[in-house]
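Counting along the sequence shown from 1, when you hit position 300 you're at 308 in our numbering, and nothing is skipped either side.
For glycine and all other residues, C-beta sits at the position ideal for the given N, C-alpha and C.
As the structure is a prediction and not an experimental result, all values here were calculated from the model.
Reviewing the structure listed below.
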Amino acid sequence: MMKLSLIVMAAGMASRYGSLKQVESFGPSGETLMEYSIYNAIRAGFDKVVFIVRNKMLANFKDQFGSKISDMVEVGFASQELDNLPEGFTTPTNRTKPWGTGHAVLVAEKNIDGPFAVINADDFYGPESFHLMATELKKLNKNHHGACVVGYQLKNTLSEYGSVSRAVCELSNGQFLEKLTERTKIQRESDGNIYASENRRKILLSGNELVSMNLLGFTHPFFQILNEGFTQFLSSKPDNSSEYYLPDAITKLIIDHQGKVPVVETGEKTFGVTYKDDKEQALQEIQKLVKNGTYPSNLWKQES
Numbered sequence: 009m010m011k012l013s014l015i016v017m018a019a020g021m022a023s024r025y026g027s028l029k030q031v032e033s034f035g036p037s038g039e040t041l042m043e044y045s046i047y048n049a050i051r052a053g054f055d056k057v058v059f060i061v062r063n064k065m066l067a068n069f070k071d072q073f074g075s076k077i078s079d080m081v082e083v084g085f086a087s088q089e090l091d092n093l094p095e096g097f098t099t100p101t102n103r104t105k106p107w108g109t110g111h112a113v114l115v116a117e118k119n120i121d122g123p124f125a126v127i128n129a130d131d132f133y134g135p136e137s138f139h140l141m142a143t144e145l146k147k148l149n150k151n152h153h154g155a156c157v158v159g160y161q162l163k164n165t166l167s168e169y170g171s172v173s174r175a176v177c178e179l180s181n182g183q184f185l186e187k188l189t190e191r192t193k194i195q196r197e198s199d200g201n202i203y204a205s206e207n208r209r210k211i212l213l214s215g216n217e218l219v220s221m222n223l224l225g226f227t228h229p230f231f232q233i234l235n236e237g238f239t240q241f242l243s244s245k246p247d248n249s250s251e252y253y254l255p256d257a258i259t260k261l262i263i264d265h266q267g268k269v270p271v272v273e274t275g276e277k278t279f280g281v282t283y284k285d286d287k288e289q290a291l292q293e294i295q296k297l298v299k300n301g302t303y304p305s306n307l308w309k310q311e312s
């Protein structure tokens, strides 16, 4: 049976939220959002979980999360630090921001030996989404560069408390990703419509657009594309706020390697904690899911 790994990106600085939202409690027994994702992933057939963290968070993650799931899946950790760079490159003196999601996945390369999925630690992904991802990963040719995307309807991803940015999936043949178009400052306004604001103009959106919420899948050879892309990024001498993103690497796969990247749609709602006020809504959503039996009141007690 093909083994599947899950990479949890938890090294972000949470600048808008104002705290380490990766370890905030949302479930009735203190569960974090990423624990619900991990729970769903295990039930979808994932065998290993790798946490991407900063060094200063490593001990806490090992104690708080690794111990909970180590009896069910293999657990790994990788540190995303500014000096995790290819040979020949050094960290700019004034750089304080992480290098981005592409770099985050890249630092986990030594922990991964087969197909893998990637998620954000501070977003909720439902059980259907992981089943779709597991099914799609098993279809990919493990010996070639490959990727897949779980697409969410835009209207199921918005915050009530501020604007969000989303990568809109532009499709070819209604199935394969042609490109990811970043839309910024998206929110539902008082007229009930959803708009993106770009370059001082509003763009009306239907809400049915498929967007990536960073639930992405890859074959192991994709690390080659990540390595090449990150080296090119660094060689361009980026400014101190620039980041190397996973969508950049996926675009490279499509353009430079003529890769076909399937997008599978889920009707599930996803939510996160971009803003502090999002927490109450997330708490209510989790309570509903526990009440209707989707999740037990204690995720891990029944597994011990």
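Does the distance from the CB of Phe59 to the CB of Val115 come in under 8 Å? Cβ distance not < 8 Å, so Phe59 and Val115 don't count as in contact.
How would you call Ser244, buried or exposed, if buried means at least 16 neighbouring beta carbons within 10 angstroms? Exposed, because fewer than 16 other Cβ atoms sit within 10 Å of the Cβ of Ser244.
For Asp247, count neighbouring Cβ atoms within 10 angstroms of its own Cβ and tell me buried if that reaches 16, exposed if not. The residue in question, Asp247, is exposed, as its Cβ has fewer than 16 Cβ neighbours within 10 Å.
Grab the span of the beta strand (DSSP E) containing Gly74 for me, first residue to last. From DSSP, Gly74 is part of no beta strand (DSSP E); its letter is neither H nor E.
Compute the beta-carbon to beta-carbon distance between Ala3 and Leu188, rounded to the nearest angstrom, for a pair I have assumed lies under 8 Å. Any property of residue 3 remains undetermined from this structure, which presents the chain solely from 9 to 312.
By the 10 Å Cβ neighbour count, where 16 or more other Cβ atoms means buried, how is Ala67 classified, buried or exposed? By the Cβ-count criterion, Ala67 is exposed, with fewer than 16 other Cβ atoms from all chains shown falling within 10 Å of its own Cβ.
Output the distance between the C-alpha atoms of Gly154 and Leu212, rounded to the nearest integer angstrom. Their backbone Cα atoms lie some 33 Å apart in a straight line.
Other residues of its chain near Ser249: CB distance less than 8 Å, five sequence neighbours each side excluded: Apart from sequence neighbours up to five positions away, the residues of its chain that approach Ser249 with a beta-carbon distance below 8 Å are Lys105, ordered along the chain.
Same chain, Cβ closer than 8 Å to Lys309, neighbours up to 5 away in sequence not counted: Cβ neighbours of Lys309 beyond the five flanking positions: Ser37.
Determine the burial state of Phe97: buried for a count of at least 16 other Cβ atoms within 10 Å of its Cβ, exposed for fewer. Phe97 should be labelled exposed.
Is the Cβ-Cβ distance between Ile127 and Ser45 less than 8 Å? Yes. Within cutoff.
Please classify Pro100: does DSSP put it in a helix, a strand, or coil? Residue state, collapsed to three classes: coil.
Do Ala129 and Ala18 count as a contact pair if the criterion is CB distance below 8 Å? Ala129 is positioned such that its CB atom lies closer than 8 Å to that of Ala18.
Classify Met10 as helix, strand or coil using the three-state DSSP reduction. If DSSP states are grouped into helix, strand and coil, Met10 belongs with coil.
Give me, in chain order, the residues of the same chain whose beta-carbon lies closer than 6 Å to that of Gln161; leave out the 5 immediate sequence neighbours on both sides. Only Asn216 meet the Cβ criterion.
Apart from the five residues on each side of it in sequence, which residues of its chain come closer than 7 Å, Cβ to Cβ, to Val157? If we look at Val157 and ignore the five residues flanking it on each side, its Cβ neighbours are Cys177, Leu185, Ser220, Leu224, Val269, Val271.
Cβ-Cβ separation, Ser173 to Ile202 (assumed contact under 8 Å), whole Å: The pair is not a contact, with the Cβ atoms about 13 Å apart (cut-off 8 Å).
Tell me whether Ser13 is buried or exposed, calling it buried when 16 or more other Cβ atoms sit within 10 Å of its Cβ. Buried, since its Cβ has 16 or more Cβ neighbours within 10 Å.
How many angstroms separate the CA atom of Met80 from the CA atom of Phe241? Straight through space, the alpha carbons of Phe241 and Met80 are spaced by roughly 38 Å.
Look up Ser45 in the DSSP assignment and say whether it is helix, strand or coil. The three-state secondary structure of Ser45, taken from DSSP, is helix.
Along the chain, which unbroken stretches of the beta strand (DSSP E) at least 3 residues long are found entirely within the stretch 136 to 187? Counting whole runs of 3 or more residues, the stretch 136 to 187 contains the beta strand (DSSP E) stretches 155 to 161, 172 to 180.
Roughly how many whole angstroms lie between the Cα atoms of Lys150 and Asn235? Using only the alpha carbons, I get a separation of about 18 Å.
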